[in-house]
Amino acid sequence: MIPEIGLAALWLAAALAVLQLLGGVLGARREGMELAAVARPAAVLQALLCTVAFLCLLYVFAVTDLSVKLVADNSHSMKPWIFKVSGAWGNHEGSMLLWITVMAMAGGLIAFVERRLPERTMLATLSAQAFVGLGFYAFLLLSSNPFQRLSPAPPEGNGLNPLLQDIGLAFHPPTLYVGYVGLSVAFSFAVGALLTRSVTPDFARVMRPWVLAAWIFLTLGITAGSYWAYYELGWGGWWFWDPVENASLMPWLAATALLHSVSVLAARDALRTWTIMLGVVAFSMSMIGTFLVRSGILTSVHAFAVDPERGSFILALLVLYIGGALVIFALRAATIAEGERFAVTSREGALVVNNIALSAILGIVLVGTLYPLLTEAFDIRVSVGPPYFNPVSAIFLVPMLLVLMVGPLLRWREDGFARIRWQVIALFAVTLGVLLGVWLVADIHLLPLIGLALAVGVGIASLLPLAGRSLRRTPLATWGMVVAHFGVAVALFGMASDSAFQQERLVAASVGDAVEVGPWQGRLDTVYPVAGPNWTAIQANLHLAYEGGAERRAAPQSRNFWAPVMETSEVALLTRWNGQLYVAVGNQAQDGRWQLRLWWKPFVTFIWYGGVLIALGGALSLVGRVTTDLRRRRRPEDDVDEAYPA
Amino acid sequence: MSNSPLKAKHQRLVLILLAFAALIGATLLAIYGLRNQASYFYVPADIAADPPAPGQAIRLGGMVEEGSLTTAADGVTVTFVVQDGEGRVPVTFTGILPDLFVEGSGVVAEGSMDASGTFVATNLLAKHDENYMPRELEDMSREQAREKVAETTE
Chain E
1 MIPEIGLAAL WLAAALAVLQ LLGGVLGARR EGMELAAVAR PAAVLQALLC
51 TVAFLCLLYV FAVTDLSVKL VADNSHSMKP WIFKVSGAWG NHEGSMLLWI
101 TVMAMAGGLI AFVERRLPER TMLATLSAQA FVGLGFYAFL LLSSNPFQRL
151 SPAPPEGNGL NPLLQDIGLA FHPPTLYVGY VGLSVAFSFA VGALLTRSVT
201 PDFARVMRPW VLAAWIFLTL GITAGSYWAY YELGWGGWWF WDPVENASLM
251 PWLAATALLH SVSVLAARDA LRTWTIMLGV VAFSMSMIGT FLVRSGILTS
301 VHAFAVDPER GSFILALLVL YIGGALVIFA LRAATIAEGE RFAVTSREGA
351 LVVNNIALSA ILGIVLVGTL YPLLTEAFDI RVSVGPPYFN PVSAIFLVPM
401 LLVLMVGPLL RWREDGFARI RWQVIALFAV TLGVLLGVWL VADIHLLPLI
451 GLALAVGVGI ASLLPLAGRS LRRTPLATWG MVVAHFGVAV ALFGMASDSA
501 FQQERLVAAS VGDAVEVGPW QGRLDTVYPV AGPNWTAIQA NLHLAYEGGA
551 ERRAAPQSRN FWAPVMETSE VALLTRWNGQ LYVAVGNQAQ DGRWQLRLWW
601 KPFVTFIWYG GVLIALGGAL SLVGRVTTDL RRRRRPEDDV DEAYPA
Chain A
1 MSNSPLKAKH QRLVLILLAF AALIGATLLA IYGLRNQASY FYVPADIAAD
51 PPAPGQAIRL GGMVEEGSLT TAADGVTVTF VVQDGEGRVP VTFTGILPDL
101 FVEGSGVVAE GSMDASGTFV ATNLLAKHDE NYMPRELEDM SREQAREKVA
151 ETTE
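Protein sequences, first through last, are from chains E and A.
One point on numbering: in full-length UniProt numbering, the residue at position 354 of the first sequence is 354, and numbering is uninterrupted.
One point on numbering: in full-length UniProt numbering, the residue at position 115 of the second sequence is 115, and numbering is uninterrupted.
See below:
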């Protein structure tokens, strides 16, 4: 019964999307205003129905209802309950239902709370949202029904890929999806504004919190995904330039650019068409990412089902939506009047550099990700990895970070370097000093060297906008910018430090042997088998001390799951403030020794602290913007300082 | 729009040109980078026919020859032979072997050839489970199966 309720709710929601589309289109064309009044309630109701459908799916997974095909294929009654529930989105159909649910909730939320835009623009936005939604409803209901029954019900389920049986899975996909799909709102706003030709600073202020919210979740999702890959895959790396990772990075790059350009539009009424374009591009990247990940074109832990029909379906949706939006853009962009002018040395000028650099990096990542797929059509197999991505994207990242040091110090519209001469000189002197200093004492590669110097430079520069201000009276949005930029410096420091100074040790050790890596010394004490609810493992027990301090225990495992049959490596992590010791255990050699792999990774944790800081900065900005906005609506004459962008 | 519209147009043009220049620059850089840094996929037969330059990053795919796997005295360096029925390439690898790495199974090794014709692997990708394997191996095992059939019916 429960699965049928879920399915019925989904069909109803799809029907409401049709209604919302019709109402929105008629309203935007100033016809049939009776039907136009339906658009908002339809959006809200749709959100509720999708939530019901999603709860139904959670329920059938929680009770392991094996008469539902999806549960039988992907779950197992012996799994811990948390993985039963999170398994609901650890498969193709469930994850697409999550996608639809998030999208409907975002649409319902804007319909419910957003009253600042001209009603026509709002209706055009809602119809765009419904139009995009319909394609995904069709995809879900026609080719990936999550509630399909299985008769007779099998006695036991197939189980979930053990790599996905991890607490990270409970949070990583939903977080990322809220970000991915949240960008659909930016897309719909952009299309709505284009259709009704109302690209104004007010429009930018309405769009900004939604972009910010989606971007915060995207940031957290990528950070969590990176950490998951780091400790779950057991390879000691935190970013592999894997196509699936790139698929999440590309919308983030576009959203970051959008976030900065929408601030220019809000504060200065410039970069109008560019902002609209980025709104379209950001969600297009989300859809391209979904296509890459879900179509089965790529083989990875994320590609749940290899089914060419589904791939073509998503590809068709992609062409329809991205193509459609670009056509509207081409037709309407010329009719949008040019915004306010600004000098090269101004806040806007710096933000233009930021936008161009981010777009260029986006292009580089996109080309590198698609290139192997392209050559494969000609039967040439290549793989593109860090040797391409790192240096080529650095060519644009480095100038962007240099401008990031100066940009927030500049005034809007027009400024001269003379005013901030000493700050700029000091910043660049410090950066150059660090560069030379590190180069003299440590023999490290060029990129990590530049990274370390820039991390210090950006870290100091990010705090300068607070200088000379009363910290208590500084707007929250400014704090947000400072924290996020400081987060960039922290993450960069972690990345550079890990690549420059990590030490690796690979040994074959017998029980009782001493092991050491970097400043850590210790020994392998015991190796014995252990068992969990659905796995058995070999566990190595080591005791290690940092520079002769207190000994700490590390117990990495090599796990064997039996449903489905698979081996995974559970690494042991010893975290200190200045880095992490990473220990993995491998096979037993013929002579009885155990393979151990140890890394000492100085400051590697800063990568994820930085990611969290960036998201926190976004959250501060969001709260600041929303409260200012509410205050402005209560007292319109009290126009608040727009000096600092998100 | 207090400034003259002509100049405003001008600025828009400059911005568009700038963006285009950056994107074209990025594309050119990307193409240049890809030509030099993409690592091509080889099977042992390709290496016999047209050996890649020593040190150039490539990926080598094939089957691990039965009886060829040996472990060095340090316990962490292994050598084995990758073959595809037409060619054989000796491989050394220092590290923890993937869980499902066994003789007779498929493997994709990342690394480069050294001057003596040995492939020095920096990373091994083996079949993780039946649902997750390096893409190149899907075809490899099919080709291999075809070859096996051809061998036995001859």
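C-beta: ideal position from N, C-alpha, C; glycine also.
Say yes only if the C-beta of G311/E is nearer than 7 Å to one or more non-hydrogen atoms of the ligand GTP, and no if none qualify. With respect to small molecules bound, the structure shown includes none, and the ligand GTP cannot be examined in it.
Who are the neighbours of F291/E on chain A, taking C-beta pairs under 9 Å? Within chain A, no residue comes near F291/E; the closest Cβ sits about 17 Å away, beyond 9 Å.
Nearest chain E C-beta to T27/A closer than 8 Å, yes or no? Flagged as an interface residue toward chain E: T27/A, by a C-beta distance shorter than 8 Å.
I want to see whether chain A comes within less than 8 Å of R341/E, judged by CB atoms only; does it? Among the CB atoms of chain A, one or more fall inside 8 Å of the CB of R341/E.
If you draw a straight line from the C-alpha of Q37/A to the C-alpha of V293/E, how long is it? About 24 Å.
Within the same chain, show all residues whose beta-carbon is closer than 6 Å to that of D84/A, passing over the 5 residues directly before and after it, in chain order. In its chain, beyond the 5 residues on either side, V43, P44, A45, G62 have a beta carbon closer than 6 Å to the beta carbon of D84/A.
Closer than 7 Å, Cβ to Cβ, to anything on chain E: give me those residues from the region 85 to 98 of chain A, in chain order. Of all residues in the region 85 to 98 of chain A, T94, G95, I96, L97 have a Cβ within less than 7 Å of some Cβ in chain E.
Three-state secondary structure (DSSP) at R268/E? Taken through DSSP and simplified to helix, strand or coil, R268/E comes out as helix.
Does A555/E have its Cβ less than 8 Å from a Cβ in chain A? The beta-carbon of A555/E is placed no less than 8 Å from the nearest beta-carbon of chain A.
For chain A, is any of its Cβ atoms less than 8 Å away from the one on P387/E? At least one chain A Cβ lies under 8 Å of P387/E.
Between the Cα of L97/E and the Cα atoms of T223/E, V511/E, I444/E, A138/E, which residue gives the shortest distance? Measuring from the Cα of L97/E, the nearest candidate turns out to be A138/E.
Helix, strand or coil at L613/E according to DSSP, with G and I counted as helix: In the structure shown, L613/E sits in a helix (DSSP, three-state: H, G or I).
Quick one: is A48/A near chain E, going by C-beta distance under 8 Å? A48/A does not count as touching chain E.
Express the C-alpha separation of Y59/E and A128/E in angstroms, rounding to a whole number. Looking at the two C-alpha atoms, the distance is approximately 32 Å.
6 Å Cβ shell around M55/A - same chain, five flanking residues per side excluded: Note on identity: in this sequence residue 55/A is Gly, with Met being the wrong assignment. Contacts found: S112.
When we look at the beta-carbon of I380/E and count the other beta-carbons within 10 Å, is it buried (16 or more) or exposed? With fewer than 16 other Cβ atoms inside 10 Å of its own Cβ, I380/E counts as exposed.
Tell me, please, whether the CB atom of H128/A is closer than 8 Å to any CB atom in chain E? Note that H128/A has pLDDT 44, beneath the 50 cutoff, so the model's placement of it is unreliable and the number below is only indicative. At a cut-off of 8 Å between beta-carbon atoms, H128/A makes contact with chain E.
Reducing DSSP to helix, strand and coil, say where V623/E ends up. Here V623/E sits in helix by DSSP.
Other residues of its chain near W11/E: CB distance less than 8 Å, five sequence neighbours each side excluded: Excluding sequence neighbours, W11/E sits near L141.
DSSP beta-bridge partners for R597/E? DSSP lists L506/E, A584/E as partners of R597/E.
Could you please give me the residues that DSSP links to N541/E through a beta bridge? Beta-bridge pairing by DSSP links N541/E to T526/E.
Any Cβ of chain A within less than 8 Å of the Cβ of A190/E? Not an interface residue.
Is it the case that the Cβ atoms of residue 674/E and R149/E are separated by a distance below 8 Å? What is shown of chain E runs 1 to 646, which leaves residue 674/E out entirely.
In chain order, what residues of the same chain have a beta carbon less than 8 Å from the beta carbon of V344/E, not counting five sequence neighbours either side? Cβ neighbours of V344/E within its own chain (closer than 8 Å, five residues either side excluded): none.
Is the CB of R634/E under 8 Å away from at least one CB in chain A? Between R634/E and chain A, the shortest Cβ-Cβ separation is not below 8 Å.
Applying the 10 Å Cβ sphere with the 16-neighbour rule, what's the burial state of G433/E? The residue is exposed, with fewer than 16 neighbouring Cβ atoms inside 10 Å.
Where M1/E falls: helix, strand or coil (DSSP): Reduced to three states, the DSSP call for M1/E is coil.
Going by DSSP, what residue range makes up the alpha helix (DSSP H) through Q129/E? Where Q129/E is concerned, the enclosing alpha helix (DSSP H) stretches over 119 to 143.
Pull up the distance between the alpha-carbon of F112/E and that of S105/A, whole angstroms please. When only Cα atoms are considered, F112/E and S105/A end up about 57 Å apart.
From what residue to what residue does the alpha helix (DSSP H) around T474/E run? Careful: T474/E lies outside any alpha helix (DSSP H) and carries neither H nor E.
Determine the contact status of F147/E and V63/E, defining contact as a CB-CB distance below 8 Å. Result no, Cβ atoms of F147/E and V63/E do not sit closer than 8 Å.
Counting only beta-carbon separations shorter than 8 Å, does G33/A have a partner in chain E? For G33/A, the nearest beta carbon of chain E is closer than 8 Å to its own beta carbon.
CA-to-CA distance, T568/E to V530/E, given in whole angstroms: Rounded to the nearest angstrom, the two C-alpha atoms are 14 Å apart.
Can you tell me whether P243/E is helix, strand or coil according to DSSP? Note: P243/E maps to helix in three-state DSSP.
Which residues in the same chain as D114/A place their Cβ atom closer than 7 Å to its Cβ, once the five residues preceding and following it in sequence are excluded? Excluding sequence neighbours, D114/A sits near P54, V120.
Any C-beta of chain A within less than 9 Å: which residues of the region 579 to 596 of chain E qualify? For the region 579 to 596 of chain E, the set of positions with a beta-carbon nearer than 9 Å to some beta-carbon of chain A reads A584, V585, G586, N587, A589, Q590, D591, R593, W594, Q595, L596 in chain order.
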